[in-house]
Structure formats: C-alpha cells, structure tokens
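Residue numbers (this note's numbering): 5 to 120. Using N, Cα and C, we set each Cβ at its ideal position, and we do this for glycine too.
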Amino acid sequence: MPGERMLQVEVVSRYGGEAWAGRATRVSVPLPDGELGVLPGRQPILAVLGRGDVRIAPADGGQEVSVPVAGGFCSVYADVVTVAADAAGAETTDSGVTVSDVLAETIVIPGVGMRD
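As structure tokens, then:
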C-alpha cells in the first residue's frame, strides 16, 4: 500500500560484515530471555541479543528471511533496526569463525544474560 511505513533493517557481524540489509514490514529478534517483535513505529530500544534467528518479513512480500545470530545487540530508532551480532549467518567468515563456534563458546547465566 502506498505510503505504508516500513522498517530499514541491517544485520551485521563483527567477523563477516553485512549478513542482510533492506526494507521490511516486521522483524523478530532473539533475546536472552525471549524475543523482541518490531513493527514500524516502535518506540526506540536497545536490547542485548540472545542466540537464535533474526526473522525478517521483506517489504517486497517475499519469503521470510532467517539469519542466525549469536551475541551482540539490537538497536531500534525511527524505523531503523540495526542488529550488530558477534556472529551472523550460517557461513564461515573470513576469520574462520562460524555462528556454531560462537554458540559453542557461549555460556548463558540465568538472570544475567550472555557471557563469553
């Protein structure tokens, strides 16, 4: 629908750079104790990432995109969603570190969040 608000989404990792970027109608981000759903118009928030999939509904109506992430943070401000993950995507990065490697080294302490 013309004039419909959209989200501008970017998922990046410190090892592999950009894993996904584009416009979306909604995004779901894993947190240490649940999930954060983001729609256009959401109030600003800064959240610690958990491990799991960032699920993105592309604005073009295409199939939902899932990007695995581990650690990092998510920022939402003025319909811009930035996911800065320690690791993102299923492929091995230039440094040879994969999301599976990061997950294997991650210790979750209940009530505290994620720690290396």
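Where tyrosine 81 falls, given that 16 or more other Cβ within 10 Å makes a residue buried: Tyrosine 81 should be labelled exposed.
With a 10 Å radius around its C-beta and 16 neighbouring C-beta atoms as the bar for buried, classify valine 13 as buried or exposed. buried
Strand pairing of glutamine 47, partner residues [DSSP]: DSSP lists no partner for glutamine 47.
Cα-Cα separation between glycine 66 and arginine 55, rounded to whole angstroms: 24 Å
Backbone CA spacing between alanine 74 and glycine 20 [nearest angstrom]: 13 Å
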